[in-house]
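Everything on this sheet refers to the single structure shown next.
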Amino acid sequence: MSGSDSSGATKTVWLERDNLLSKVPAYPQLTHDTKTDVVVVGGGIAGLHIAYELLSSGMKKVVLVEDGKIGSGETGRTTGHLSADNEYNDFLKLHGAEGTAQIAAAQQAAIDRIATIVNKHNIDCDFVRAPGYMFHGLPTSSKEFRLDTLEELYDAAEQTGKLDVTIVNDAFIKGFKSGPAVRFGNQATFHPTKYLQALAKIVSDMGGEIYEKTRYMNYQEENGGVTAMLDNDKKVHAEALVMATNVPLQKLIMIERVEAFRTYAVALKIPTSSVSSNGEEALWWDLGDPYHYVRVTPHKQDGYSLLVVGGEDEKVGQHDDYEERFKRLESWTRERWTAAEDVEYKWRSATYIGRNPGTNNVYVHTGDNGDGLTYAAIGGLLITDLILGKENPWAHTFSPSRQHSGSHLKQALHTLPNLIKENLSDQIYYTKWAVACTKTVKDIEDLVPGEGDVVREGLSPIAVYKDESGGIHKMTAICPHLKGIVAWNTAEKSFDCPVHGSRFTCKGEVVNGPAKGPLQPK
Numbered sequence: 001m002s003g004s005d006s007s008g009a010t011k012t013v014w015l016e017r018d019n020l021l022s023k024v025p026a027y028p029q030l031t032h033d034t035k036t037d038v039v040v041v042g043g044g045i046a047g048l049h050i051a052y053e054l055l056s057s058g059m060k061k062v063v064l065v066e067d068g069k070i071g072s073g074e075t076g077r078t079t080g081h082l083s084a085d086n087e088y089n090d091f092l093k094l095h096g097a098e099g100t101a102q103i104a105a106a107q108q109a110a111i112d113r114i115a116t117i118v119n120k121h122n123i124d125c126d127f128v129r130a131p132g133y134m135f136h137g138l139p140t141s142s143k144e145f146r147l148d149t150l151e152e153l154y155d156a157a158e159q160t161g162k163l164d165v166t167i168v169n170d171a172f173i174k175g176f177k178s179g180p181a182v183r184f185g186n187q188a189t190f191h192p193t194k195y196l197q198a199l200a201k202i203v204s205d206m207g208g209e210i211y212e213k214t215r216y217m218n219y220q221e222e223n224g225g226v227t228a229m230l231d232n233d234k235k236v237h238a239e240a241l242v243m244a245t246n247v248p249l250q251k252l253i254m255i256e257r258v259e260a261f262r263t264y265a266v267a268l269k270i271p272t273s274s275v276s277s278n279g280e281e282a283l284w285w286d287l288g289d290p291y292h293y294v295r296v297t298p299h300k301q302d303g304y305s306l307l308v309v310g311g312e313d314e315k316v317g318q319h320d321d322y323e324e325r326f327k328r329l330e331s332w333t334r335e336r337w338t339a340a341e342d343v344e345y346k347w348r349s350a351t352y353i354g355r356n357p358g359t360n361n362v363y364v365h366t367g368d369n370g371d372g373l374t375y376a377a378i379g380g381l382l383i384t385d386l387i388l389g390k391e392n393p394w395a396h397t398f399s400p401s402r403q404h405s406g407s408h409l410k411q412a413l414h415t416l417p418n419l420i421k422e423n424l425s426d427q428i429y430y431t432k433w434a435v436a437c438t439k440t441v442k443d444i445e446d447l448v449p450g451e452g453d454v455v456r457e458g459l460s461p462i463a464v465y466k467d468e469s470g471g472i473h474k475m476t477a478i479c480p481h482l483k484g485i486v487a488w489n490t491a492e493k494s495f496d497c498p499v500h501g502s503r504f505t506c507k508g509e510v511v512n513g514p515a516k517g518p519l520q521p522k
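For the sequence shown, the residue numbers in full-length UniProt numbering are 1 to 522.
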């Protein structure tokens, strides 16, 4: 999260169209020491769901701290899908049949839980039940079209016994012959920012204390409890602490398991009658690499909808072809939804749930693998049970301490080369600037107003930004987390660390952790 109104410069349909951030009430900054039952770090959908479930269970006092503004982070940069995962064949290899069934049950229960909350509190968030269609993505005439891949994914999903899943002859995309598809029933879509802001008010009305512009720095376990330390030297004393952040805010080995990716999204205007060939509202996702996912949301003009399309994921800070990725996303969409008109919005966005390894009273919710909205509801239910000492059938499957054994260990080892590859690419960026960055401080004047770059000042990497008035802002380019070298992100006007995904504003303020402090000015 960040101290600004959004975690990026690109404009999302959820935040921009309805100007919601200007309408939400401001919550105060925490400026005093306090004591609570549970302190939750992170004011996104995961943190608010956890706070809501704790209060609903009878917890007397819950404090939630958010270092930016409620609704300014990644929740409002999602595409608003509430769907089960589609990687059940991979889950079977890693978790076995029982673990995979638990994942499926948890995901469906999460969607149902959000529906219950929406209905109970009459939340106006455009919640709609809709089927989801997983299709190949390529035309049936393509030589690369393979039906067996879909059948394998269907078999794995059907084997869980927890999902309404069938194979159908078509994904019902109007004007595109998709070929067979796997249909997931009882999925949903909603307006994530409307839901988030309503949930924050509900938590506050239930007695939860929400604090904005309050940055968590560290914790200390003592006397059977835990103390959260803030950047203004204030403290929150609690029985338990929950970190509900994009990535873990501590230097633990678990962060090496969480790869920081950022996704792209566009919203195109389209006649409502031209979206699906059977007239139903639905979700779609393909098997491409990179993959794509699609939903619709109402347009302000009668007879039209917005087709919200996400995909083209990339590792944070390791690519600079942002506009090209937006173009590929738009092109992919127009090839399948041929009636799509103007692009009205485009933006970029970026699971372990349970007790933090090696601690007694610290819990984490992180690493959602692209289904953060669904996993937020899972986290709310699961972490509440753990804190209250209740049994939960999903606990082992989502535990940050989980280990693989037997045949599942063998399959888990198959993922090791990819993990090594990803972390090796991270390590390269520790030294890349020394051999690849040829720009020096003399090149700063060549920057266009509103742009930034990383240059050398002697042997030191410097992050430089030229504001719209021509003023120069210089900071160290060394990320304060684990000393990676940041890179300029032209799409979001931010400096991003490719090592563990920390992001900073053009003037060095933290947007996303795990970094807790800014890029120091030079």
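Idealized CB from N, CA, C, for every residue including glycine.
Thinking C-beta only, is E66 closer than 7 Å to G43? Position 43 of the sequence shown, counted from the start, is the residue given in the question as residue 43. Position 66 of the sequence shown, counted from the start, is the residue given in the question as residue 66. Yes, they are a contact pair.
From what residue to what residue does the alpha helix (DSSP H) around R113 run? By 1-based counting over the sequence shown, the position of residue 113 is 113. Where R113 is concerned, the enclosing alpha helix (DSSP H) stretches over 88–121.
Going by CA-CA distance only, name the one from R328, V236, A106 that's closest to T160. For the purposes of this step, residue 160 is taken as residue 160 along the sequence shown, with counting starting at 1. Out of R328, V236, A106, A106 has the C-alpha closest to the C-alpha of T160.
Option nearest A110 by Cα separation, candidates E445, V464, W284, T374: As a first step, residue 110 is located in the sequence shown; it is residue number 110 there, counting from the start. Comparing C-alpha distances from A110 to each of E445, V464, W284, T374 shows the shortest one belongs to T374.
Which residues does DSSP pair with L287 in a beta bridge? Here residue 287 refers to the residue found at position 287 of the sequence shown. In DSSP, L287 forms no bridge with anything.
Backbone CA spacing between A477 and K507 [nearest angstrom]: Numbered from its first residue, the sequence shown carries residue 477 at position 477. Numbered from its first residue, the sequence shown carries residue 507 at position 507. C-alpha separation (whole angstroms): 11 Å.
Which of the three DSSP states, helix, strand or coil, is assigned to E457? Numbered from 1 along the sequence shown, position 457 holds the residue referred to as residue 457. Looking at E457 - three-state DSSP - the assignment turns out to be strand.
For T36, which residues from the same chain have a beta carbon less than 7 Å from its beta carbon, with the 5 sequence-adjacent residues on both sides left out? Working through the sequence shown from its first residue, we reach residue 36 at position 36. Once the five neighbours on either side are set aside, the close Cβ partners of T36 are K61, V62, V63, V236, A238.
Three-state secondary structure (DSSP) at D37? On the sequence shown, position 37 is the one that residue 37 refers to. Here D37 sits in strand by DSSP.
Please list the terminal residues of the continuous beta strand (DSSP E) segment that includes G225. As a position in the sequence shown, residue 225 is number 225, starting the count at 1. 225–230 is the span of the beta strand (DSSP E), which, as asked, contains G225.
Smallest Cα separation from E281: which of M206, V294, D342, L287? Within the sequence shown, residue 281 is the residue found at index 281, counting from 1. The shortest C-alpha separation from E281 is found at V294.
Considering just the uninterrupted stretch of the alpha helix (DSSP H) at F145, what are its terminal residues? Indexing the sequence shown from 1 puts residue 145 at position 145. That residue, F145, is in no alpha helix (DSSP H); it is neither H nor E in DSSP.
Helix, strand or coil for F190 per DSSP? Looking up residue 190 in the sequence shown gives position 190. The answer is coil: DSSP assigns F190 none of H, G, I, E or B.
Please classify K466: does DSSP put it in a helix, a strand, or coil? Numbered from 1 along the sequence shown, position 466 holds the residue referred to as residue 466. DSSP places K466 in strand when its eight states are reduced to three.
Is H49 helix, strand or coil by DSSP? Here residue 49 corresponds to residue number 49 of the sequence shown, with the count starting at 1. Shown here, H49 sits in a helix according to DSSP, grouped into three states.
Comparing C-alpha positions only, which one of G470, T31, I485 sits nearest to residue 534? A question about residue 534 goes unanswered here, because the residues of the chain that appear run from 1 up to 522.
Looking at N89 and A153, is the spacing between their C-beta atoms short of 7 Å? Walking along the sequence shown from the start, residue 153 turns up at place 153. Walking along the sequence shown from the start, residue 89 turns up at place 89. Checking the displayed sequence, the identity of residue 153 turns out to be Leu instead of Ala. In this structure, N89 lies closer than 7 Å to L153 by Cβ.
Answer with buried or exposed for N489, where buried requires no fewer than 16 other C-beta atoms within 10 angstroms of its C-beta. In the sequence shown, counting from the first residue as 1, residue 489 sits at position 489. With 16 or more other Cβ atoms within 10 Å, it is buried.
Buried versus exposed call for D124 [16 or more other C-beta atoms within 10 Å across all chains shown]: In the sequence shown, the residue the question calls residue 124 occupies position 124. Label assigned to D124: exposed.
Return the chain-ordered list of same chain residues with a C-beta closer than 7 Å to the C-beta of A101, the five sequence neighbours on each side being excluded. The residue you call residue 101 lines up with position 101 of the sequence shown. Correct list, in chain order: T160, G161, K162.
When you compare only the Cα positions, how much space is there between V464 and D496? Along the sequence shown, one-based indexing puts residue 464 at 464. Along the sequence shown, one-based indexing puts residue 496 at 496. Straight-line Cα distance between these residues: approximately 13 Å.
Go through its chain and collect everything with a Cβ distance to I444's Cβ below 7 Å, but skip five positions before and after it. As a position in the sequence shown, residue 444 is number 444, starting the count at 1. For I444, where only same-chain residues beyond five positions count, the Cβ hits under 7 Å are V455, V464, I472.
Reducing DSSP to helix, strand and coil, say where D342 ends up. Counting from one through the sequence shown, the residue named residue 342 turns up at place 342. Reduced to three states, the DSSP call for D342 is coil.
Candidates F145, Y133, T189, of which the one nearest T166 by Cα: Here residue 166 refers to the residue found at position 166 when the sequence shown is read from its first residue. Checking every option, the nearest Cα to that of T166 belongs to Y133.
Skipping 5 residues on each side, what residues in its chain have a beta carbon closer than 7 Å to that of T245? Within the sequence shown, residue 245 is the residue found at index 245, counting from 1. The answer, listed in chain order, is V41, G42, T366, G513.
Looking at C-alpha atoms only, which residue of V168, P192, P180 is the closest neighbour of V118? Sequence index remark: in the sequence shown, residue 118 carries index 118 (1-based). When only C-alpha atoms are compared, the closest one is P192.
Three-state secondary structure assigned by DSSP to residue 568: Past the boundaries of the shown model lies residue 568; the chain is included only from 1 to 522, so the question cannot be answered.
Outcome for K69 when other beta-carbon atoms lying within 10 angstroms are tallied against a minimum of 16: Residue 69 sits at position 69 when you count from the first residue of the sequence shown. With 16 or more Cβ atoms within 10 Å of its Cβ, K69 is classed as buried.
With 16 other Cβ atoms within 10 Å as the buried cut-off, status of D286: In the sequence shown, the residue the question calls residue 286 occupies position 286. Flag for D286 reads buried.
Quick one: what does DSSP say W337 is sitting in, helix, strand or coil? Mapped onto the sequence shown, residue 337 falls at position 337. W337 falls in the coil class under three-state DSSP.
For a test of the three-state rule: what should DSSP assign to A515, helix, strand or coil? As a position in the sequence shown, residue 515 is number 515, starting the count at 1. Reduced to three states, the DSSP call for A515 is coil.
Rounded to a whole number of angstroms, what is the C-alpha to C-alpha distance between E330 and T272? Residue numbering aside, residue 330 sits at position 330 when the sequence shown is read from its first letter. Residue numbering aside, residue 272 sits at position 272 when the sequence shown is read from its first letter. Straight-line measurement puts the Cα of T272 at about 18 Å from the Cα of E330.
6 Å Cβ shell around K516 - same chain, five flanking residues per side excluded: Here residue 516 refers to the residue found at position 516 when the sequence shown is read from its first residue. Only M217 meet the Cβ criterion.
Counting only the same chain and skipping the five closest in sequence on each side, list residues whose C-beta sits under 6 Å from that of F91. Indexing the sequence shown from 1 puts residue 91 at position 91. Non-local beta-carbon contacts of F91 in its own chain, meaning distances under 6 Å to residues more than five positions away in sequence, involve T100, I103 in chain order.
Continuous alpha helix (DSSP H) stretch holding F398: start and end: Position 398 of the sequence shown, counted from the first residue, corresponds to residue 398. Looking at the DSSP string, the run of the alpha helix (DSSP H) that includes F398 is 395–398.
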